[in-house]
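Following: one structure in structure tokens, then a few remarks.
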Amino acid sequence: CDYAYDKNIIIHVYTYHFTQSTTQKGIGGSPRLIFVKSESCVLTICDSPVIIWPNRGVYATPEEISPNTLCEDIHQWIHAGKRSAKRKAKKSVINLRLMMEATKTGPLSAPILSKTVQKSHFLSTALPIDCVVRTTCNNTIKEYALTHQLCEMEKVILQHMKGTTLLVPEPLHFLLPEPKGLVTVVYPAGVSDSQLEAQRKELHQQFELPNDWPYFRRATAYHFPNEPYKDGYLRNPHLVLTHPSLDNGKVYSVQGIYSYRHYMQDHMDDNGWGCAYRSLQTICSWFQQQGYVERAVPTHKEIQQALVDVGDKQASFVGSRQWIGSIEVQAVLNQLLGVTSKIMFVSQGSDLASKGRELANHFLTEGTPIMIGGGVLAHTILGVAWSETTGQIRYLILDPHYTGAEDLQVITDKGWCGWKGPDFWDQTAYYNLCLPQRPKVI
Numbered sequence: 002c003d004y005a006y007d008k009n010i011i012i013h014v015y016t017y018h019f020t021q022s023t024t025q026k027g028i029g030g031s032p033r034l035i036f037v038k039s040e041s042c043v044l045t046i047c048d049s050p051v052i053i054w055p056n057r058g059v060y061a062t063p064e065e066i067s068p069n070t071l072c073e074d075i076h077q078w079i080h081a082g083k084r085s086a087k088r089k090a091k092k093s094v095i096n097l098r099l100m101m102e103a104t105k106t107g108p109l110s111a112p113i114l115s116k117t118v119q120k121s122h123f124l125s126t127a128l129p130i131d132c133v134v135r136t137t138c139n140n141t142i143k144e145y146a147l148t149h150q151l152c153e154m155e156k157v158i159l160q161h162m163k164g165t166t167l168l169v170p171e172p173l174h175f176l177l178p179e180p181k182g183l184v185t186v187v188y189p190a191g192v193s194d195s196q197l198e199a200q201r202k203e204l205h206q207q208f209e210l211p212n213d214w215p216y217f218r219r220a221t222a223y224h225f226p227n228e229p230y231k232d233g234y235l236r237n238p239h240l241v242l243t244h245p246s247l248d249n250g251k252v253y254s255v256q257g258i259y260s261y262r263h264y265m266q267d268h269m270d271d272n273g274w275g276c277a278y279r280s281l282q283t284i285c286s287w288f289q290q291q292g293y294v295e296r297a298v299p300t301h302k303e304i305q306q307a308l309v310d311v312g313d314k315q316a317s318f319v320g321s322r323q324w325i326g327s328i329e330v331q332a333v334l335n336q337l338l339g340v341t342s343k344i345m346f347v348s349q350g351s352d353l354a355s356k357g358r359e360l361a362n363h364f365l366t367e368g369t370p371i372m373i374g375g376g377v378l379a380h381t382i383l384g385v386a387w388s389e390t391t392g393q394i395r396y397l398i399l400d401p402h403y404t405g406a407e408d409l410q411v412i413t414d415k416g417w418c419g420w421k422g423p424d425f426w427d428q429t430a431y432y433n434l435c436l437p438q439r440p441k442v443i
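Under our numbering, the first residue of the sequence shown carries the number 2, and numbering increases by one thereafter.
Set out below in structure tokens:
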């Protein structure tokens with residue numbers, strides 16, 4: 002999981018569960034942090050022999066590790082349990098596991114129990130601790146922030162507790178624009194994003210963020226580079242590409258995360274007719290993963306049914322292998338997602354070279370993928386490299402006609418996702434471009 006983050010290190014403490022008692026008046030007093038303050042609290046660095054007792058003067062093993070050890074020096078121990086002094090690992094995510102020492106010499110440090118005789122309800126829940134510490138390479142290993150997250154969890158529980166019903170707090174990490182970086186927010190599990198709008202508004206004010214982008218919706222939570230996506234789709238394959246070099250040129254590209262949708266996925270043989278459907282699915286995945294919509298990416302039949310519902314197609318269209326174009330994509334986005342789109346008409350492919358300003362402005366202000374259809378082909382435009390002074394332009398194309406496996410190297414090396422010149426388009430064909438407009442909401 003090689004990952005560069007402004008030469009910083011992300012320390013990720015794995016989820017750990019423990020039980021805490023409550024009464025009708027709320028959660029018990031000061032003893033709630035006894036576990037974290039206990040000398041028996043242990044942090045183990047995954048895939049290494051390193052063990053740290055943070056509450057025992059940062060006592061650690063092996064002996065070479067001390068409270069003043071630099072965070073980046075921990076890398077040399079993360080090699081499947083073997084130390085490598087020749088070179089430092091390139092990983093910038095250090096995964097730690099929070100544990101409790103069960104055996105030791107001398108008395109075991111344990112939480113203090115107190116008994117109060119009163120009529121009360123006893124509630125028990127597991128708190129999922131998932132803590133991230135952002136630090137520079139030259140910081141030492143002295144501090145790990147766990148108590149702050151527990152305090153935030155307590156606030157969420159008390160705020161949303163109704164009688165004996167207790168909602169489990171859910172910590173989520175969000176990557177904000179620099180210099181803010183990674184921040185952790187605790188939400189009550191089971192409460193929808195629509196019910197948390199007031200809390201998100203407070204967060205936008207706290208971090209001085211604009212109110213037209215969903216920075217704190219659950220769907221936008223940060224995905225660590227060593228965590229695989231469960232659905233199997235590739236995300237943002239364009240990020241591994243090298244930008245083209247143009248005289249006084251700038252790159253304008255899609256903002257946020259999308260899934261690469263192409264021929265033959267989902268056990269669906271749409272080779273030769275489904276390219277526009279796949280481009281539409283890529284666009285829908287963008288709106289889903291930015292948190293604008295909660296519905297799943299529509300299937301081919303759901304897309305066809307939506308066009309029947311709006312009166313664009315006859316009922317026999319559902320289940321067929323008929324093509325769709327940019328106008329149909331616009332109609333489906335509005336019908337299923339409530340998303341409006343602009344249509345750009347280009348009378349011939351050679352005129353696309355003069356659309357650099359409009360395309361650059363779209364990616365700068367809206368940041369959504371663009372569907373382009375012309376002749377018998379459809380593609381997804383993810384960005385442009387454009388020079389205002391010379392007019393030179395290159396297009397970042399995601400090709401839905403790919404039929405292979407989800408192999409990032411093949412997809413980028415073979416140009417299924419890559420930068421294309423103006424000659425990529427049929428110079429005499431008529432093109433329509435669908436430019437989805439993102440909702441201006443928190």
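Where a beta carbon is used, it is the ideal one built from N, C-alpha and C, also for glycine. Computed from a prediction, not measured in an experiment: that's the story for all the values here.
What did DSSP end up calling residue i once you bin it into helix, strand or coil?
i: residue 169; result: coil
i: residue 221; result: helix
i: residue 152; result: helix
i: residue 439; result: coil
i: residue 123; result: coil
i: residue 342; result: strand
i: residue 404; result: coil
i: residue 163; result: strand
i: residue 347; result: strand
i: residue 399; result: strand
i: residue 65; result: coil
i: residue 426; result: coil
i: residue 228; result: coil
Tell me the DSSP bridge mates of residue i?
i: residue 60; result: 54
i: residue 380; result: 373
i: residue 317; result: According to DSSP, residue 317 bridges with nothing at all.
i: residue 387; result: 251 and 394
i: residue 141; result: 71
i: residue 431; result: None, per the DSSP bridge assignment.
What whole-angstrom Cβ distance do residue i and residue j have, given they're in contact under 8 Å?
i: residue 432; j: residue 353; result: 7 Å
i: residue 342; j: residue 331; result: 4 Å
i: residue 284; j: residue 437; result: 6 Å
i: residue 170; j: residue 157; result: 4 Å
i: residue 215; j: residue 291; result: 6 Å
i: residue 259; j: residue 287; result: 4 Å
i: residue 278; j: residue 328; result: Actually they are not in contact, since the Cβ atoms of residue 278 and residue 328 sit about 14 Å apart, beyond 8 Å.
i: residue 130; j: residue 95; result: Incorrect: roughly 16 Å between the Cβ atoms, too far for contact.
i: residue 154; j: residue 187; result: 6 Å
i: residue 340; j: residue 307; result: Actually they are not in contact, since the Cβ atoms of residue 340 and residue 307 sit about 12 Å apart, beyond 8 Å.
i: residue 55; j: residue 72; result: No, residue 55 and residue 72 are not in contact; Cβ-Cβ is about 14 Å, not under 8 Å.
i: residue 393; j: residue 247; result: 5 Å
What residue range is occupied by the uninterrupted beta strand (DSSP E) comprising residue i?
i: residue 418; result: 418–421
i: residue 44; result: 42–46
Tell me which residue opens and which closes the alpha helix (DSSP H) that residue i is part of.
i: residue 1; result: Residue numbering for the chain in the displayed model covers 2 to 443; residue 1 lies beyond these limits and cannot be assessed.
i: residue 1; result: Nothing can be reported for residue 1, as the shown portion of the chain is limited to 2 through 443.
i: residue 464; result: Shown here, the chain extends from 2 to 443; a query on residue 464 therefore has no answer.
i: residue 310; result: 301–310
Kindly say whether residue i, judged by its beta-carbon, lies nearer than 8 Å to any beta-carbon of chain D.
i: residue 216; result: Structure shown: chain D not included; a single protein chain is present.
Segments assigned beta strand (DSSP E), at least 3 residues, entirely inside the segment 234–289: 250–254
Whole alpha helix (DSSP H) elements within the segment 166–215, 4-residue minimum: 198–207
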